[in-house]
Amino acid sequence: MKRARQVLGRTNPGRRRRPDRKSRIMDIRFESEARGDAAAVMAGEGGALMDAGRALDERAGGALAKAMKAARFTGGANQVVEILAPANLDYGRVLIVGVGDPAKANALTAERWGAQAVRRTLTTGAETLALLPEAIGELSASQAAARAAFGARLGGYRFDAYRTKLKPEQKPSLTSVIVQAEKAPKEDEAGAALAQGIAFARDLVSEPSNVLHPEEYAARLRKLEAHGLEVEVLGEKAMADLGMNALLGVGRGSERESQLVVMRWNGGKKGEKPVAFVGKGVTFDTGGISLKPGPGMEEMKGDMGGSAAVAGAMLTLALRKAKANVVGVVGLVENMPDGKAQRPGDIVIAADGQTIEVLNTDAEGRLVLADAVWYAQEKHQPAVMIDLATLTGAVIVALGHEYAGMYANDEDLAKALEKAGAEEGEQVWRMPLAPAYDKMIETPNADMKNIAGKPAAGSIIGAAFIKRFVREGQKWAHLDIAGTAWKPAPYEDPLSPLWATGWGVRILNRFVKDRE
Ligand code: BES
Ligand code: MN
Ligand code: ZN
363 MKRARQVLGR TNPGRRRRPD RKSRIMDIRF ESEARGDAAA VMAGEGGALM DAGRALDERA
423 GGALAKAMKA ARFTGGANQV VEILAPANLD YGRVLIVGVG DPAKANALTA ERWGAQAVRR
483 TLTTGAETLA LLPEAIGELS ASQAAARAAF GARLGGYRFD AYRTKLKPEQ KPSLTSVIVQ
543 AEKAPKEDEA GAALAQGIAF ARDLVSEPSN VLHPEEYAAR LRKLEAHGLE VEVLGEKAMA
603 DLGMNALLGV GRGSERESQL VVMRWNGGKK GEKPVAFVGK GVTFDTGGIS LKPGPGMEEM
663 KGDMGGSAAV AGAMLTLALR KAKANVVGVV GLVENMPDGK AQRPGDIVIA ADGQTIEVLN
723 TDAEGRLVLA DAVWYAQEKH QPAVMIDLAT LTGAVIVALG HEYAGMYAND EDLAKALEKA
783 GAEEGEQVWR MPLAPAYDKM IETPNADMKN IAGKPAAGSI IGAAFIKRFV REGQKWAHLD
843 IAGTAWKPAP YEDPLSPLWA TGWGVRILNR FVKDRE
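Following this line, the structure appears as C-alpha cells:
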C-alpha cells in the first residue's frame, strides 16, 4: 500500500539542514605572489625540495631541510612534513608534500599534490593556503597550477550535512586557496566545472536513502535546468504507457514512485546524434524478496552511483558549455520487499517486447537498465551509448576498487574509454562479451532470465543481459562500477577523501571532450 506522505515524513531527518554546497567548494584564486596562513611546496623523491621550497628553506635558515630529515621524509607521493611557525617566514605553517619522481609526474600527480595539501590544512585553523606548484614532468608551470587548483577543489570535499555536533576544531577552517601563478590558467574554468559535477555526484551517493528516494532525486535533477540542461521526468504512469515493466517491476515494493529522468545538453551541432549516458539509479537495494543479508546492507544507499555519475557529468558539461550533444537517462527506483513486490519466478515484458524471467529480485540493476537503454535508443538514436551501474559484487571480486569493469561492442569506443579513464585517474579494464556467456541466461520459460543460476562470471553475465537490449549496430559500452563508486576506508587517495568517489564524472566528461 502506498501510504500517505506524512507518515513517511517521520523517517525523514527533516528539511532544515541541507548540505551547504557553497562552503564545500573552496574559493580558489591565482596570484603571482601567493600569501596565506599556510603554504605548500613540492618535493621530489629523495626528499629534494623544488625551487619554491628551496627558496623558503634558505629564508628559514634550513628549517625545511632539517624537518624533512627529522621526519624521514622521502618525497614519495602524498607524503607530508609540516613545519610550524618557521622563523623568518610569514607563513605560520609550511607543508612539504611529496610528488614522487618529478620526471614521471603527470597531471594526476599535480592534482594529488594540491589535494593532499588542502586535506592536511583543512581543519588546522588556517583560513588561507598558498599553493606553490611548479613545472614538473610533462607539465608546464601553468598546467601544474591548473591541476593543483583542481586537486584542491576535490581534496577539500566533505559531506557534513548531518553532522550537527562538530566541535569548532573539527570543522573546516580553510576557506580559500591561493595558487601561485603568473595568471589564471585557461583550463581553470573547465576544472571548476568538473569539480562541481564530481561534488554533485558525491553528494547524491552520500545522501541516505530516506532522503534521496526516487522522487526527491528526480526533483534535484530537475533543478539542473537552472544550468541550461533540458530535464524531463517520467513517473510510473508515463513509463507504464511505454511498457517499461522491467524497470517498474523493481520499484513495485517501494512506497516511492519510480522515475526516469532525461537530461539533455544540446551544445553541439544541430541535428548531430547525441552521446547517450545511461545510469542505474537504485536509491536503495535491499535485494527485494531475494533479500540481501543484513551486515553491510547500508552500503546499498550508494546503488545509484551510476546515475550520479551521469548527473554529475551532465552538470559539468552544462557548466563548461561543452560543444556536444549529450543525453543522460537515469532510472530511479527503490528495490524493497513488500506485499506488492515482484517475486522470484515472475515474468515481465520489457519495453522492447522481450520477456524476462526474474529468478532473483536482487539482480535488479539490469532490469532497470534494460528499459532505460531502450528509452535512450528509442527516443534519442544515440551515436554511442555508455551505461554505468553498480551492477555486481562480482566485479569487486575481479578488480577490487581500482578499476571499473568495461564491456564494449566496438573497438574504438573501448580504446577511447581506456584512454579517457587512464588520463583522468578513473581506470577501466576490458572484460569479455561472448556468445557462451549469453547462453547462460537462457530459460525455457521466457526470452531470458536475469541471473545465470551459478556463481560464475557474475559481472559478465550482467553485461550479457544488458547487451540483449542493445540494438543491432548501436555502439555501446557498459561500465560496472560497483567497486569504484565508493571505496572502503581508509580513504587514501587525496583526490577522493570520502566514501563516495563520484567515479564516472571524469571519464564521461573526458570522453565527450575528446570528441569535441
Ligand atoms: N547493487 C548490487 C551490486 C553491488 C554489490 C554493488 C556490492 C556494490 C557492492 C546488485 O544489485 C546485486 O545485488 N547484484 C547481485 C547479482 C546477483 C544476484 C546475480 C550480486 O552482485 O550479488
Ligand atoms: Mn541487487
Ligand atoms: Zn543493485
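In short: position in the sequence shown from 1, add 362, done, that's the working numbering.
Even glycine gets a Cβ: it sits at the ideal position worked out from N, Cα and C.
In this text, all values refer to a predicted model and were calculated from it rather than measured experimentally.
What did DSSP end up calling isoleucine 843 once you bin it into helix, strand or coil? Note: isoleucine 843 maps to coil in three-state DSSP.
DSSP bridge partner residues for tyrosine 769 (one or two, in chain order): The partner list for tyrosine 769 (beta bridge, DSSP) reads His840.
Assuming arginine 455 contacts alanine 396 under a Cβ cut-off of 8 Å, what Cβ separation, rounded to an integer in Å, is found between them? Going by Cβ atoms, the distance from arginine 455 to alanine 396 rounds to 14 Å, so no, they are not a contact pair.
If you measure from the CB of alanine 725, is any heavy atom of the ligand MN nearer than 7 Å? Yes, the Cβ of alanine 725 comes within 7 Å of a heavy atom of the ligand MN.
Buried versus exposed call for proline 576 [16 or more other C-beta atoms within 10 Å across all chains shown]: Looking at its Cβ environment, which holds 16 or more other Cβ atoms inside 10 Å, proline 576 is buried.
Per-residue DSSP class, three states only, for glutamate 634: Assignment of glutamate 634 by DSSP, reduced to helix, strand and coil, places it in the coil class.
Pull up the distance between the alpha-carbon of threonine 678 and that of alanine 552, whole angstroms please. Roughly 8 Å separates the two Cα atoms.
Continuous beta strand (DSSP E) stretch holding glutamine 621: start and end: Segment 621-628, the beta strand (DSSP E) holding glutamine 621.
Expected contact under 8 Å - CB spacing of valine 539 and leucine 491 to nearest Å: Valine 539 to leucine 491, Cβ: 5 Å. Contact.
Leucine 470 to alanine 506 span [Cα, whole Å]: So the two alpha carbons sit approximately 10 Å from each other.
Cβ pair count under 8 Å reaching 3, the segment 680-692 against the segment 651-661: The segment 680-692 vs the segment 651-661: no contact.
From this set, Asp855, Leu457, Glu696, Arg614, which residue's C-alpha is nearest serine 571's C-alpha? Residue nearest to serine 571 within the set Asp855, Leu457, Glu696, Arg614 is Glu696 (criterion: CA-CA distance).
Beta bridge counterpart(s) of methionine 747 as assigned by DSSP: Methionine 747 is bridged to Ala638, Trp838.
Glycine 460 (DSSP reduced to helix, strand or coil): For glycine 460, the three-state secondary structure derived from DSSP is strand.
Contact belief for phenylalanine 512 with leucine 870 at Cβ below 8 Å, rounded distance in angstroms: Contact check for phenylalanine 512 and leucine 870: beta-carbon distance about 16 Å, past the 8 Å limit, so the pair fails to qualify.
Please classify glycine 667 as buried or exposed, where buried requires at least 16 neighbouring CB atoms within 10 angstroms. Counting C-beta atoms within 10 angstroms of its own C-beta, glycine 667 has 16 or more neighbours from the protein chains shown and is therefore classed as buried.
Arginine 697 CB to nearest heavy atom of the ligand MN below 7 Å: The residue you asked about is not arginine; residue 697 is asparagine in the sequence shown. Yes, the ligand MN has a heavy atom inside 7 Å of this Cβ.
Could you name the residues that DSSP lists as bridge partners for glutamate 719? DSSP output for glutamate 719 lists Ile709, Lys811 as bridge partner(s).
Return helix, strand or coil for alanine 671, following the three-state DSSP convention. DSSP, read as helix, strand or coil, puts alanine 671 in helix.
Any heavy atom of the ligand BES closer than 7 Å to the beta-carbon of glutamate 804? Annotation for glutamate 804 indicates a beta carbon at 7 Å or more from all heavy atoms of the ligand BES.
Please classify arginine 474 as buried or exposed, where buried requires at least 16 other C-beta atoms within 10 Å of its C-beta. Burial call: buried.
Just reading off the beta strand (DSSP E) that aspartate 389 is part of, what are its end residues? Annotation: the continuous beta strand (DSSP E) that includes aspartate 389 extends over 389-393.
Pairwise C-alpha distance: aspartate 700 and arginine 365: Confidence in arginine 365 is poor, its pLDDT being 43 and thus under 50, which makes the residue's placement unreliable; the coordinate value appears in the next sentence. Rounded to whole angstroms, the separation of the alpha carbons of aspartate 700 and arginine 365 is 13 Å.
Alpha carbon to alpha carbon, what distance is there between glutamate 634 and lysine 875? Going by the C-alpha atoms only, they are around 16 Å apart.
Touching or not, the segment 553-565 and the segment 860-868, by the rule of three or more beta carbon pairs under 8 Å? The segment 553-565 vs the segment 860-868: in contact.
For valine 759, does the count of other Cβ atoms within 10 angstroms reach 16, so buried, or fall short, so exposed? The residue is exposed, with fewer than 16 neighbouring Cβ atoms inside 10 Å.
Do threonine 723 and alanine 703 come within 8 Å of each other at the CB atom, strictly closer than that value? The Cβ atoms of alanine 703 and threonine 723 sit closer than 8 Å to each other.
Between the segment 402-411 and the segment 426-446, can you find at least three pairs of beta-carbon atoms closer than 8 Å? Yes, since at least three Cβ pairs between the segment 426-446 and the segment 402-411 fall closer than 8 Å, the two stretches touch.
Using three-state DSSP, classify phenylalanine 831 as helix, strand or coil. Note: phenylalanine 831 maps to coil in three-state DSSP.
Quick test of the definition: if touching needs 3 or more C-beta pairs under 8 Å, does the segment 759-768 touch the segment 781-796? Note that the segment 759-768 touches the segment 781-796; at least 3 beta-carbon pairs, one per stretch, sit closer than 8 Å.
When you measure from the CB of glycine 649 to every non-hydrogen atom of the ligand MN, does any distance come out below 7 Å? It does: the Cβ of glycine 649 is within 7 Å (strictly closer) of some heavy atom of the ligand MN.
Using a Cβ-Cβ cut-off of 6 Å (strictly less than) and excluding sequence neighbours within five positions of aspartate 772, which residues of its own chain qualify? Same-chain partners within the cutoff: Lys837.
Measuring alpha carbon to alpha carbon, tell me which residue in Phe392, Ile651, Glu834 is nearest leucine 721. Minimum Cα distance to leucine 721 is reached at Ile651.
In angstroms, rounded to a whole number, what distance separates the CA positions of lysine 548 and glutamine 558? Here the alpha carbon of lysine 548 sits roughly 17 Å from the alpha carbon of glutamine 558.
Would you kindly check if the distance between the Cβ of isoleucine 458 and the Cβ of valine 442 is under 8 Å? Taking 8 Å as the Cβ cut-off, valine 442 and isoleucine 458 qualify as a contacting pair.
Counting only the same chain and skipping the five closest in sequence on each side, list residues whose C-beta sits under 7 Å from that of leucine 426. Leu411, Gly415, Leu418, Asp419, Ile445, Val456, Ile458, listed in sequence order.
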